[in-house]
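Student:
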Amino acid sequence: MANLNQLFNKRLHKLLKEVGKYGRLIFNDHFSIVLFVLLGFLALFYKDLLQRLSFNESPPFAWLIPFALALFFVLILNLGHPFWLNQEADRSYLFSRGKDWFKYWRKAFFYTASIQAGMTLLISFVMYPLVSITSNWNKGEGILFCVLLVFLKVLSIFNQYLNLYHQSNKYLDRASVKQINYIFGIFIGFSLYIKNPYHKILMLVATGLYLIVIHLRYRALVNNLIDFEYVIQQSQSNKSRFYKWISIFADVPHLRPEVKERKWLNPVIRVIQGKNPNRYSYFFARLITRHEAYSGIWLRITLFVLIIIFLLSNHWIVITLVGGLGFWLVLVQILPIFQFRSKMPFQQLYPLQDIKLKKEALQKMLLSILSMMMLVFLVFLLVKVGFSTTLLAALGGWLIIIFALVYVYVPFLLAKYEKDHQKTSL
240 MANLNQLFNK RLHKLLKEVG KYGRLIFNDH FSIVLFVLLG FLALFYKDLL QRLSFNESPP
300 FAWLIPFALA LFFVLILNLG HPFWLNQEAD RSYLFSRGKD WFKYWRKAFF YTASIQAGMT
360 LLISFVMYPL VSITSNWNKG EGILFCVLLV FLKVLSIFNQ YLNLYHQSNK YLDRASVKQI
420 NYIFGIFIGF SLYIKNPYHK ILMLVATGLY LIVIHLRYRA LVNNLIDFEY VIQQSQSNKS
480 RFYKWISIFA DVPHLRPEVK ERKWLNPVIR VIQGKNPNRY SYFFARLITR HEAYSGIWLR
540 ITLFVLIIIF LLSNHWIVIT LVGGLGFWLV LVQILPIFQF RSKMPFQQLY PLQDIKLKKE
600 ALQKMLLSIL SMMMLVFLVF LLVKVGFSTT LLAALGGWLI IIFALVYVYV PFLLAKYEKD
660 HQKTSL
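According to our numbering, the stretch in the sequence shown is residues 240 to 665, in order.
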């Protein structure tokens, strides 16, 4: 293509179209509700933490909060990669254009820096109230802190941009990119502990030093040749990383989920299929424990809900709702297992389909998975609050939610699915 800017715009448009397509699949009705509820719980926890710290009701670990914030901001600096948007075919057909590609990559840097700077600004703005309460940064210095953090993020992206050159300086090579961020994370950490006005001076000095380091690296690399193989490799890594994240929430046609035996989940198989397994219970038991797309769902959500329960207050209603939300999210995400492989010739022809038996096997599998999740929640809650009314109330609430989901909500969804399927087949 004669104009590399047009090529970049075309590929960027294709990427945005792909993001939009999978975004609509991920943020469906169910997941949108769950996301808003979870954001609401996190907002309540954050508000409660700020109020406790403001009124000097500091938890025992309060002195660690600035350290945790410094680690968080270092993570922000290290997250993200430039949108190179190169493809395998570029190696053969287009890389002969040589340094003409810099126009293409500068545009990639501009879009990457703009998006990630905006996200960093939003995150730092949300986190700054916690920074101002737990450190010597006051409310009036919030703009300065956020601007400096955004500037450091842009410098970090530019530092990654310099990786496209062949590396000739062993001290400022590609491996140094993250190491530099870690070093300047130490400066951020110290600025959260030292007194006024030295915290501002330290952050300004750190930003100036970062700028000098980037300038020195640029001067050392600017006359080197372009490492086209590295750019191709990074583009493919970014692409595979994107689809790997998408595959957690939606089916990606060209990615095949891993299927492997997890021996530590074999007891779960025996619980699900029971003493007298039928073809459906046998199939569901292995699918839910060995198929990465399904086993990953309930295992990750269990871990996520445990973290939320740990962060929330000990009020039994809130804990019950969070656990119930986890049960519902797992059920909705793994319910398509009912139709998995149902159109294979073997499933259609031999033996004949027994829909009633299949529904019973599905309900037994869901009841087993949700019950095991509940047991994990109860053990964790027992450690947190002890044997108390909170524990008993949460147990009662979770039992009601599980039985309502499995024996009321699931039949309703399956009936709705069959009705929609009949309409589409007419």
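Glycine is no exception: its CB is placed at the ideal position from the N, C-alpha and C atoms.
For R456 versus L401, is the C-beta spacing smaller than 7 Å?
Tutor: yes
Student: According to DSSP, which residues form a beta bridge with Y404?
Tutor: Y404 pairs with I465.
Student: Kindly give me the distance between the Cβ atoms of L443 and L308, rounded to whole angstroms, as I take these residues to be in contact under 8 Å.
Tutor: Contact annotation, L443 with L308: C-beta distance approximately 19 Å; criterion of less than 8 Å not satisfied.
Student: In three-state DSSP terms, what is H530?
Tutor: strand
Student: Apply the 10 Å Cβ neighbour rule to A347 and answer buried if 16 or more other Cβ atoms are within range, or exposed otherwise.
Tutor: buried
Student: Work out the CA separation of G262 and S271 for me, nearest whole Å.
Tutor: 11 Å
Student: Given this structure, state the Cα-to-Cα distance separating Y350 from P321, to the nearest angstrom.
Tutor: 8 Å
Student: If distances are taken between C-alpha atoms only, which option among F364, L310, E380, H252 comes closest to N435?
Tutor: Ranking the options by Cα distance to N435, first place goes to E380.
Student: Inspect the beta-carbon positions of Y519 and I576 and report whether they are closer than 7 Å.
Tutor: Judged by beta-carbon spacing, I576 lies beyond the 7 Å limit of Y519, meaning their Cβ atoms are not closer than that value.
Student: Below 7 Å CB to CB, which residues in the same chain sit around V561 once its five sequence neighbours on both sides are set aside?
Tutor: F280, V544, I547, I548, L551
Student: How big is the Cα-Cα spacing for K249 and L243?
Tutor: 10 Å
Student: Along the chain, which unbroken stretches of the alpha helix (DSSP H) at least 4 residues long are found entirely within the segment 600 to 651?
Tutor: 628 to 643
Student: Decide if H405 is buried, meaning its Cβ has at least 16 other Cβ atoms within 10 Å, or exposed.
Tutor: exposed
Student: Below 8 Å, how does it come out for the segment 417 to 425 and the segment 363 to 374: are there three or more Cβ pairs, yes or no?
Tutor: no
Student: Go to W567, then tell me how far its alpha helix (DSSP H) extends in each direction, as first and last residue.
Tutor: 555 to 573
Student: Give every residue of the same chain whose Cβ lies closer than 6 Å to the Cβ of T559, excluding the five residues on either side of it in the sequence, and list them in chain order.
Tutor: A633, G636
Student: According to DSSP, is S198 helix, strand or coil?
Tutor: A query on residue 198 cannot be resolved here, the shown segment of the chain reaching from 240 to 665 and no further.
Student: Who are the near neighbours of L360 in its chain, counting only those whose CB is closer than 7 Å to its CB and skipping five residues on each side?
Tutor: So the list reads C385, V389, once near-sequence residues are dropped.
Student: Got a sec, what are the start and stop residues for the alpha helix (DSSP H) F265 sits in?
Tutor: It is Ile, not Phe, that sits at residue 265 in the sequence shown. It spans 243 to 265 - the alpha helix (DSSP H) in which I265 sits, taken as one unbroken run.
Student: Can you tell me which of L387, Y646, W302 puts its alpha carbon nearest to the alpha carbon of L450?
Tutor: L387
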